[in-house]
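According to the working numbering, the sequence shown is numbered sequentially starting from 908. We treat Cβ as the ideally placed atom computed from N, Cα and C, and that holds for glycine. Read through the structure below, which is laid out as structure tokens, and then see the notes.
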Amino acid sequence: MHSRRVKVIFHIGLEKTGTTSFQRFCTRNAQRLIKHDVLYPKRSFAFQALNHAPLTASYLQSESPDEFFLRPTIARSEMVKSLKREIEASGVEKVIISSEHLSSRFRAPQIEKLAEDFNEYECHVVIALRDHLSRLFSAYATHVMSGSDQTLDEYAEMVLLPDNLYMRYADTIRLWEASFGSDNIIVFDYNEAPDVIYSLLSKIGLLDLRNKLTDDHKCNASLDANATEALRLINISNQNEMAYRSKIAYIEFIKLQYVRSVLKKKLQAQSNCSQWRLSQPYLIQLLDIAEADALWLAKNYSMPVSLIRPESLPEAAPVESQEDVAKLLAKILTQTICARWSLYRFNMFARAALFLILEKLRSIRRP
């Protein structure tokens, strides 16, 4: 049977390891990939925008108001059938399925079901790892971008809980080994090369395609510490802002996402690479987890790199930090007000011009 020789590669993240860049690369080059006998499925219910989050969602029951993209739209069985039809129709030898939420949201029950649903294929799982500290800071910035008003310490306390696997790499990989087999797990260090697309293609045996396909820029870059704090304060303010309230939750979600994306661009333009400040107890706890992960990875995957990087250690909080955030907020708000005033002036002049034109037309029509 044709499906038995098809190799399905699940790219599961981790989050904040260049997943969006790789997904955009695959999406833009989907037709070229087909010519090289590689399918990045885009025609089934399993795909949306850049990745296969709908497939992930079909295994979950998410009711969080900020996770509309992870709410299942159809039953899992129909989702899988739709994806398999696309795979079989393509006639390719390799299939890439990419969703970082596979690693962050799946636990043993979901992973077991996924393995069972695709057991007629030769399945491999590829996972990129990043040093724990820089990944924590990047993930926190994204958390705030999604609307959270948690401080960095509050976020660290949440993700470092014993039953939270977000920063526990060894525990996460073990879950996937149990269902797919350790021989089918591909692990690599996000920092081993400046080009994550190059790293990913090399790990899945497609390195020769890197220079044949359209290049892409790094996207979804994180905010620095001060810009993130400024956005967090804006999030607190927006929670009480009636202008964004809607009787339809999804409309409210879209409005807020748009506002945050606009603010993020403005804040990124003012970014000055300010240092993060993580409290000592959480820093020690995170480094302990990182050390245990590094030892396990060295033993089980012969990874020659340490996932603890001294340059990632945050510096002591400068005294002027709060003043910097205040200045940044003032600058962004001033720019926004000026932009609105410019738009208001434009509308005012446009209305005046329209009035003059109408008056001119009336005068022409008068006897």
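Are the Cβ atoms of residue i and residue j separated by less than 8 angstroms?
i	j	result
His1031	Ile1104	no
Leu1113	Val1002	no
Ile1080	Ile1092	yes
Ala1199	Ala1077	yes
Ser1086	Asn1133	no
Met1074	Leu1067	yes
Leu990	Ala1015	no
Leu1138	Gln1175	no
Leu1194	His943	no
Met1052	Lys1171	yes
Asp896	Ile1143	With the chain covering 908 to 1274 only, the question about residue 896 has no answer from this structure.
Tyr1189	Ala996	no
Between the options, which lies nearest to residue i when the distance is taken from Cα to Cα?
i	options	result
Ala964	Gln1017, Lys1172, Arg912	Gln1017
Leu1040	Lys1206, Tyr1208, Gln1192	Gln1192
Thr1058	Ala1015, Gln955, Tyr1097, Arg1184	Arg1184
Asn1098	Met986, Arg1042, Ala1134, Ile1004	Arg1042
Val987	Leu957, Ala1048, Glu1027	Glu1027
Asn1071	Gln955, Ser1011, Glu995, Ser984	Ser1011
Thr927	Glu1023, Ala956, Glu995, Lys1206	Ala956
Ala1100	Thr924, Arg912, Lys914	Thr924
Glu1000	Ser984, Asn958, Ile941	Ile941
Phe1305	Ala1063, Thr1049, Ser1053, Arg912	A query on residue 1305 cannot be resolved here, the shown segment of the chain reaching from 908 to 1274 and no further.
Lys1173	Leu1204, Ile1141, Gln1187, Tyr1189	Ile1141
Ser984	Leu1021, Gly998, Ala1063	Leu1021
Ser1209	Asn1118, Ala1197, Asp1096	Asp1096
Ser1186	Ala937, Phe1044, Ala1128, Arg935	Phe1044
Gly1054	Thr1135, Asn1207, Ser1109	Thr1135
Glu1084	Ala982, Asn1207, Arg931, Asn936	Asn1207
Phe1013	Cys933, Ile1196, Leu1202, Gly920	Gly920
Glu1019	Gly1088, His1050, Ala982, Asn958	Gly1088
Phe932	Thr980, Ile1196, Asp1102	Asp1102
Asn874	Thr980, Phe929, Leu1202, Ala982	Lying before the first or after the last residue shown, residue 874 is absent from the chain, which here runs from 908 to 1274.
Roughly how far, in whole angstroms, is the beta-carbon of residue i from the beta-carbon of residue j, given that I think they are within contact range, below 8 angstroms?
i	j	result
Arg950	Glu993	5 angstroms
Val1169	Leu1107	Rounded, the Cβ-Cβ distance is 31 angstroms, inconsistent with contact.
Ala960	His918	Not confirmed; about 12 angstroms, so no contact.
Leu962	Ser1006	7 angstroms
Ile1004	Pro948	7 angstroms
Glu1061	Lys914	Rounded, the Cβ-Cβ distance is 42 angstroms, inconsistent with contact.
Ala1046	Glu922	6 angstroms
Arg939	Leu1204	Actually they are not in contact, since the Cβ atoms of Arg939 and Leu1204 sit about 34 angstroms apart, beyond 8 angstroms.
Taking Cβ positions only, does residue i come closer than 8 angstroms to chain C?
i	result
Ser1055	Absence of chain C from the displayed structure is noted, only one protein chain being present.
List the endpoints of the continuous beta strand (DSSP E) containing residue i.
i	result
His943	Careful: His943 lies outside any beta strand (DSSP E) and carries neither H nor E.
Asp1096	1092-1096
Phe929	Note, Phe929: premise wrong, no beta strand (DSSP E); alpha helix (DSSP H) at 926-935.
His1008	His1008 -> not in any beta strand (DSSP E); alpha helix (DSSP H) instead, spanning 1008-1012.
Ile888	For residue 888 there is no data in the structure shown, the boundaries of the chain being 908 and 1274.
Ile919	Looking at the DSSP string, Ile919 is not in any beta strand (DSSP E), and its letter there is neither H nor E.
State the start and end residues of the unbroken alpha helix (DSSP H) segment that holds residue i.
i	result
Val1103	1103-1110
His1031	Not the alpha helix (DSSP H): His1031 falls in the beta strand (DSSP E), residues 1029-1036.
Phe900	The chain is shown only over 908 to 1274; residue 900 falls outside these bounds and no answer can be derived.
Phe1087	1076-1087
Lys991	983-997
Lys949	Lys949 -> no alpha helix (DSSP H), and no H or E assigned at all.
Ile1191	1187-1208
Tyr876	What is shown of the chain runs 908 to 1274, which leaves residue 876 out entirely.
Leu962	960-964
Asp1024	1015-1024
Let me check you understand the geometry: is the CB of residue i closer than 7 angstroms to at least one non-hydrogen atom of the ligand COA?
i	result
Tyr1097	As presented, the structure is devoid of all ligands, the ligand COA included, so that no description of it is given.
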